[in-house]
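Beneath this line is the structure, given in structure tokens, with notes to follow.
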Amino acid sequence: TQLGSAVSTLTTMNHRTLLRLIIVVVLTDAWCTALNCYVCTDNPDDGSVDYDADCGQYDYRRNTHTSDNDGCGIDIYDNGFTFRAPSGGWADGECYHGTDHTFCNCASSLCNTDSFCAQCGYPRPTPPGTTEYTPIATTVQPETTSTEATTTVLPPHTTTSFSTNTPAKRKCYQCINCGHVEASTPVIEDAFLSCMTTMVLESAEVIRSGSYTEYPDGECVAHTETLSCYCSKDLCNDINIEF
Numbered sequence: 000t001q002l003g004s005a006v007s008t009l010t011t012m013n014h015r016t017l018l019r020l021i022i023v024v025v026l027t028d029a030w031c032t033a034l035n036c037y038v039c040t041d042n043p044d045d046g047s048v049d050y051d052a053d054c055g056q057y058d059y060r061r062n063t064h065t066s067d068n069d070g071c072g073i074d075i076y077d078n079g080f081t082f083r084a085p086s087g088g089w090a091d092g093e094c095y096h097g098t099d100h101t102f103c104n105c106a107s108s109l110c111n112t113d114s115f116c117a118q119c120g121y122p123r124p125t126p127p128g129t130t131e132y133t134p135i136a137t138t139v140q141p142e143t144t145s146t147e148a149t150t151t152v153l154p155p156h157t158t159t160s161f162s163t164n165t166p167a168k169r170k171c172y173q174c175i176n177c178g179h180v181e182a183s184t185p186v187i188e189d190a191f192l193s194c195m196t197t198m199v200l201e202s203a204e205v206i207r208s209g210s211y212t213e214y215p216d217g218e219c220v221a222h223t224e225t226l227s228c229y230c231s232k233d234l235c236n237d238i239n240i241e242f
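Residue numbering for the sequence shown follows the numbering used here, beginning at 0 and increasing consecutively.
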């Protein structure tokens with residue numbers, strides 16, 4: 000009887016210990032997979048998340064939310080509104096082009112800021128002198144006799160150094176779903192280092208804009224859903240991308 004009581008007590012203790020271990024593992028796993036993302040919209044008619052008039056700012060840092068999603072996203076709508084929230088099922092740096100918006104994804108806490116989805120070809124210019132989120136890795140080395148800083152485009156979540164000289168303003172065509180350039184095609188002028196033409200591979204939609212990142216004239220870069228080609232003269236992004 001004493002032996003049976005001791006076994007019963009030990010079994011109960013083992014069950015309690017096992018239960019504690021399971022709780023610790025579950026809580027630890029939940030803590031490890033939790034991701035903190037910025038959450039907001041500047042569209043007063045969108046009631047899905049908290050409204051914040053500053054949501055469209057490039058360096059937005061205000062409302063946050065922690066969830067078990069594996070990514071954070073930014074939706075930039077063609078009508079100018081911005082939406083930030085947790086996302087799931089997308090690769091780091093992946094893009095999606097909807098009928099009325101462009102979405103870009105990132106995969107670390109609070110990563111859905113300091114970006115206007117430039118790697119997706121969205122024509123909302125990134126402020127000069129800032130670091131735009133991009134998965135491309137390209138380095139342009141300066142001449143040995145030059146005192147200019149190196150311009151470097153690095154993998155996601157790293158800093159980018161820009162030239163210390165202020166570049167001259169450059170004109171680029173800026174439009175969405177514009178397969179051909181016409182006299183009425185909008186033109187934007189700013190301190191762009193390149194003009195770019197981006198094709199959405201699935202829909203063949205063409206997007207034209209300016210870029211504050213310097214690329215070799217004529218270089219084309221393929222992303223998950225887009226192909227972007229760059230040039231370095233005024234209004235040079237007037238041609239179609241050929242496959």
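Ideal placement from N, C-alpha and C gives every residue a C-beta, glycine not left out.
Are the beta-carbon atoms belonging to Val-205 and Cys-177 less than 8 Å from one another? Taking the first residue of the sequence shown as 1, we reach residue 205 at position 206. Taking the first residue of the sequence shown as 1, we reach residue 177 at position 178. Yes.
Name the residue from Leu-226, Asp-44, Cys-116 and Ala-167 whose alpha carbon lies nearest to the alpha carbon of Gly-72. Here residue 72 corresponds to residue number 73 of the sequence shown, with the count starting at 1. Selected option, being the one with the closest Cα: Cys-116.
Note the first and the last residue of the continuous beta strand (DSSP E) segment covering Glu-181. The residue you call residue 181 lines up with position 182 of the sequence shown. From DSSP, Glu-181 is part of no beta strand (DSSP E); its letter is neither H nor E.
Which residue wins for smallest C-alpha separation from Gly-92, given the options Asp-189, Ser-114 and Cys-194? For the purposes of this step, residue 92 is identified with residue 93 of the sequence shown, where counting begins at 1. Per the Cα distances, Ser-114.
Check whether the region 55–65 touches the region 37–44, taking contact to mean three or more Cβ pairs, one atom from each stretch, closer than 8 Å. Segments in contact, yes.
Should His-179 be labelled buried (16 or more other beta-carbon atoms within 10 Å of its own) or exposed? For the purposes of this step, residue 179 is taken as residue 180 along the sequence shown, with counting starting at 1. His-179 should be labelled exposed.
Contact set for His-156: own chain, Cβ-Cβ below 7 Å, skip 5 residues either direction: Indexing the sequence shown from 1 puts residue 156 at position 157. Residue placement at His-156 cannot be trusted, given a pLDDT of 38 that sits under 50; what the coordinates show is reported in the next sentence. Excluding sequence positions up to five before and after His-156, its CB lies within less than 7 Å of the CB of Ser-107 and Cys-110, all in the same chain and listed in chain order.
For Ile-238, count neighbouring C-beta atoms within 10 Å of its own C-beta (all shown protein chains included) and say buried if the count is 16 or more, exposed if not. Here residue 238 refers to the residue found at position 239 when the sequence shown is read from its first residue. Exposed: under 16 other Cβ atoms inside 10 Å.
Spatial neighbours of Leu-192 in its chain, beta-carbon cut-off 7 Å, leaving aside the 5 residues before and after: As a working mapping, residue 192 is identified with position 193 in the sequence shown. Non-local beta-carbon contacts of Leu-192 in its own chain, meaning distances under 7 Å to residues more than five positions away in sequence, involve Pro-166, Ser-210, Tyr-211, Thr-212 and Glu-213 in chain order.
Continuous beta strand (DSSP E) stretch holding Tyr-172: start and end: As a first step, residue 172 is located in the sequence shown; it is residue number 173 there, counting from the start. First-last of the beta strand (DSSP E) with Tyr-172: 169–172.
Anticipated Cβ contact below 8 Å, Cys-54 with Thr-81, distance rounded: Counting from one through the sequence shown, the residue named residue 54 turns up at place 55. Counting from one through the sequence shown, the residue named residue 81 turns up at place 82. Yes, Cys-54 and Thr-81 are in contact; Cβ-Cβ is about 5 Å, under 8 Å.
Exposure label - Thr-65; buried when at least 16 CB within 10 Å: As a first step, residue 65 is located in the sequence shown; it is residue number 66 there, counting from the start. So Thr-65 ends up on the exposed side.
Using only the alpha-carbon positions, how far apart do Asp-233 and Gln-173 sit? Taking the sequence shown and counting its residues from 1, one reaches residue 233 at position 234. Taking the sequence shown and counting its residues from 1, one reaches residue 173 at position 174. Gln-173 has its alpha-carbon roughly 12 Å from the corresponding atom of Asp-233.
In or out: Glu-142 buried (at least 16 other Cβ within 10 Å) or exposed? Stepping through the sequence shown from its first residue, residue 142 is reached at position 143. Summary for Glu-142: the model assigns pLDDT 41, below 50, so the residue's position carries little reliability; its value from the coordinates is reported in the next sentence. Classification of Glu-142: exposed, given that the 10 Å Cβ count is below 16.
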